[in-house]
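Positions in the first sequence are counted from 1; adding 104 to them yields our numbering.
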Amino acid sequence: MPVRVRIAPSPTGDPHVGTAYIALFNYCFAKHEGGSFVLRIEDTDRTRSTPESEQAILRALRWVGLVWDEGPDVGGPFGPYRQSERGEIYRRHADVLLERGRAYRCFCTAERLGELREDQKLAKLPPGYDGRCRKLAAEEGAARAAAGEVHVVRLAMPREGTTVFTDRLRGPLEFENAKIDDQVLLKSDGFPTYHLANVVDDHLMEITHVIRAEEWISSTPKHVVLYDAFGWQAPEFVHMPLLRNADRSKISKRKNPVSLDYYEGAGILSETLLNFLGLMGWSFGGDREKFTLPEMIEAFDFARVSLGGPVFDLEKLSWLNGLYLRELSDDAFLARLRAWRLSDEHLRRLVPLLRERVRRLDEFIPSAEFFLSGDLDLARCGVNLVPKGRGAKETGTVLAAIVDEYETIRGNWTVAALEACSRAFAEQQAWKTKELFMALRVAATGRTMSPPLFESMELLGKEQVRRRLRLAADFLLAQPQPQPPKA
RNA sequence: GGUCCCAUCGUCUAGCGGUUAGGACACCGGCCUCUCACGUCGGUAACGCGGGUUCAAUUCCCGCUGGGAUCGCCA
Numbered sequence: 105m106p107v108r109v110r111i112a113p114s115p116t117g118d119p120h121v122g123t124a125y126i127a128l129f130n131y132c133f134a135k136h137e138g139g140s141f142v143l144r145i146e147d148t149d150r151t152r153s154t155p156e157s158e159q160a161i162l163r164a165l166r167w168v169g170l171v172w173d174e175g176p177d178v179g180g181p182f183g184p185y186r187q188s189e190r191g192e193i194y195r196r197h198a199d200v201l202l203e204r205g206r207a208y209r210c211f212c213t214a215e216r217l218g219e220l221r222e223d224q225k226l227a228k229l230p231p232g233y234d235g236r237c238r239k240l241a242a243e244e245g246a247a248r249a250a251a252g253e254v255h256v257v258r259l260a261m262p263r264e265g266t267t268v269f270t271d272r273l274r275g276p277l278e279f280e281n282a283k284i285d286d287q288v289l290l291k292s293d294g295f296p297t298y299h300l301a302n303v304v305d306d307h308l309m310e311i312t313h314v315i316r317a318e319e320w321i322s323s324t325p326k327h328v329v330l331y332d333a334f335g336w337q338a339p340e341f342v343h344m345p346l347l348r349n350a351d352r353s354k355i356s357k358r359k360n361p362v363s364l365d366y367y368e369g370a371g372i373l374s375e376t377l378l379n380f381l382g383l384m385g386w387s388f389g390g391d392r393e394k395f396t397l398p399e400m401i402e403a404f405d406f407a408r409v410s411l412g413g414p415v416f417d418l419e420k421l422s423w424l425n426g427l428y429l430r431e432l433s434d435d436a437f438l439a440r441l442r443a444w445r446l447s448d449e450h451l452r453r454l455v456p457l458l459r460e461r462v463r464r465l466d467e468f469i470p471s472a473e474f475f476l477s478g479d480l481d482l483a484r485c486g487v488n489l490v491p492k493g494r495g496a497k498e499t500g501t502v503l504a505a506i507v508d509e510y511e512t513i514r515g516n517w518t519v520a521a522l523e524a525c526s527r528a529f530a531e532q533q534a535w536k537t538k539e540l541f542m543a544l545r546v547a548a549t550g551r552t553m554s555p556p557l558f559e560s561m562e563l564l565g566k567e568q569v570r571r572r573l574r575l576a577a578d579f580l581l582a583q584p585q586p587q588p589p590k591a
């Protein structure tokens, strides 16, 4: 049977470095085995999925250079590759489970489930569905559903016994069925949850190996039960360790740049990024640290995966990138620069902002410096970061808070949205706009004098701004507190 | 808290019973050099703890500790 693997991102946000990481291992394994690499879009969350996000993810994955053999854009024999276009398939399969008594209709409301969870929390019981609707007769469920009553379909987990599956990297993993609750398979909007869609699609798309992140281990027994309920053979499971923040928690945008767009914007070459991700949890063998994608494919072996969650270290990534940069010819280097920020396209966006602040052409580059550089020298910004009459700590807190506030406009990173959001935030914090805007200006540009703040922020891009604001906040929060006056 | 996963320098890792525990990033020093960077040479730095098994444990087993994940009509 030919090896078929897949990467299945959910288009609910920015292209994630973890997606590229898992995609890399899927890709290398598939290509090493002469198999196929499939891209499937898991957009079953109607409220959060957006076509913009899907486009951004496809674009970023293309930048990274992992080419998929089948996917929503290129098609293939197992399409459609977008789950939102496969609704009928999931409903049909849910019906099969219903008929077989392996699933049941549940009419409990979100409110009741919320209360249930609250009660369980208070009583210090493990959270989970209490199975109320499982007691309903199938006929009654069918009748109420036919009458148009809103409901979901839940998996009827076996109440006894254990479910075992073999993880390629860890060996057999065993779970007690009684401790796994009845997962929702079909939501009340008729869309499937991940659990159903993933199992159905992996089977229909003839996926042979599910290579995904470790966070999925605990839901795998549910998937195994589903395969069994359908009478299908489950694929082989391979759970890769999770990328981590410096504090060893799962990598997150609060603590690390996580968007592939950030790395592209920082001038990390895609070949560097792939090489570096290949160093996370995997080793080439020998003392080899620098290798190309074809070399990694050639050498690929799951036996060389280590399971400790690797901390993603920007410092080492930058070092590796330097290696790649230095081996470029001058012309190739120049081409990279142009593709990065020195394209006509990018410079043309800077010109209108900067030309009126420039008297001579030789002032242009200095005035544009913060648009073309990475992290700022915060020690040099120093006191300017903190408005008069405000403390370092409170300014740090405010900057950290506005980073979260900007989350709400991530899909609409425009001057107008930035300004509206920032003004509202200032009011809410009881800060003068003047105070807040200056702190933002210095944190984002490193200067007290700059082109208009929101224009600058829009051009810098959300990744760059987020990073600089966070760094400034961390810097301020780490300042030694003023000593209380001596008595 | 329940369940599950994991555990070698600060970080990424090699090691798959017997090694002076190797390499890389970062850090420190030397060399190179007009400076810096690159390069190069050297240095500081790790097997979490306790029991077993064994002639011998970093390596195998168990417990503890520590870290992580997960417990959604998100994926």
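No residue lacks a Cβ here, since even glycine has one placed at the ideal position from N, Cα and C. In this text the structure is predicted, and so the values were computed from the model without any measurement.
Helix, strand or coil at residue i [DSSP, three-state]
i: H313; result: strand
i: R445; result: coil
i: S477; result: coil
i: R570; result: helix
i: F141; result: strand
i: L308; result: helix
i: L454; result: helix
i: L544; result: helix
i: R110; result: strand
i: P296; result: strand
i: L465; result: helix
i: L432; result: coil
i: A591; result: The pLDDT assigned to A591 is 39, lower than 50, so where the model puts this residue is not dependable; a value taken from the coordinates is nonetheless given after this. Note: A591 maps to coil in three-state DSSP.
For residue j and residue i, believed in contact at Cβ under 8 angstroms, the rounded distance
i: A543; j: P491; result: 6 angstroms
i: F141; j: R272; result: Not confirmed; about 17 angstroms, so no contact.
i: S410; j: G385; result: 6 angstroms
i: A528; j: L540; result: In fact, because the Cβ distance is near 11 angstroms, the residues do not count as touching under 8 angstroms.
i: R221; j: P231; result: 5 angstroms
i: P361; j: E567; result: 6 angstroms
Own chain residues within Cβ distance below 6 angstroms of residue i, not counting five before or after
i: M400; result: C132, G382
i: H136; result: I401, F404
i: G139; result: P106, V107, R108
i: L201; result: A207, A333
i: L397; result: L378
i: P176; result: I145, Y185, R186
i: T499; result: V490, A543, L580
7 angstroms CB neighbourhood of residue i in its chain, flanking five on each side removed
i: E156; result: G515
i: V304; result: I193, Y194, H197
i: D149; result: S114, T116
i: A591; result: In this prediction, A591 scores a pLDDT of 39, lower than 50, which makes its location untrustworthy; no coordinate-derived value is stated.
i: W336; result: H307
Cβ neighbour criterion (16 or more within 10 Å) applied to residue i
i: P108; result: For clarity, residue 108 is Arg in the given sequence; the question names Pro instead. Buried, since its Cβ has 16 or more Cβ neighbours within 10 Å.
i: W423; result: exposed
i: L446; result: exposed
i: Q287; result: buried
i: S363; result: buried
i: P589; result: Note that P589 scores 47 on pLDDT, short of 50, meaning its location in the model is unreliable and no value can be drawn from it.
i: S374; result: buried
i: A260; result: buried
i: I161; result: buried
i: P181; result: exposed
i: E264; result: exposed
i: L165; result: buried
i: L347; result: buried
i: D481; result: exposed
i: R452; result: exposed
i: L564; result: buried
i: L226; result: exposed
i: I469; result: exposed
Cβ shell of residue i (< 8 angstroms), same chain only, five flanking positions each side left out
i: E559; result: L457, V519
i: T552; result: N488, M542, R545, V546
i: I321; result: D271, L277, H343
i: F395; result: N379, G382, F388, A403
Which runs of the beta strand (DSSP E), 3 residues or longer, sit entirely within the segment 339 to 370? 340 to 344
At 4 residues or longer, what runs of the alpha helix (DSSP H) sit wholly inside the segment 229 to 288? 242 to 250
Along the chain, which unbroken stretches of the beta strand (DSSP E) at least 3 residues long are found entirely within the segment 156 to 230? 207 to 210
Of all the alpha helix (DSSP H) runs that stay within the bounds of the segment 358 to 428, which reach a length of 4 or more residues? Uninterrupted alpha helix (DSSP H) stretches at least 4 residues long and entirely within the segment 358 to 428 occur at 364 to 369, 374 to 383, 397 to 403, given in chain order.
Mind pulling the alpha helix (DSSP H) runs of 4 or more residues that sit fully within the segment 483 to 558? 496 to 510, 519 to 533, 537 to 549
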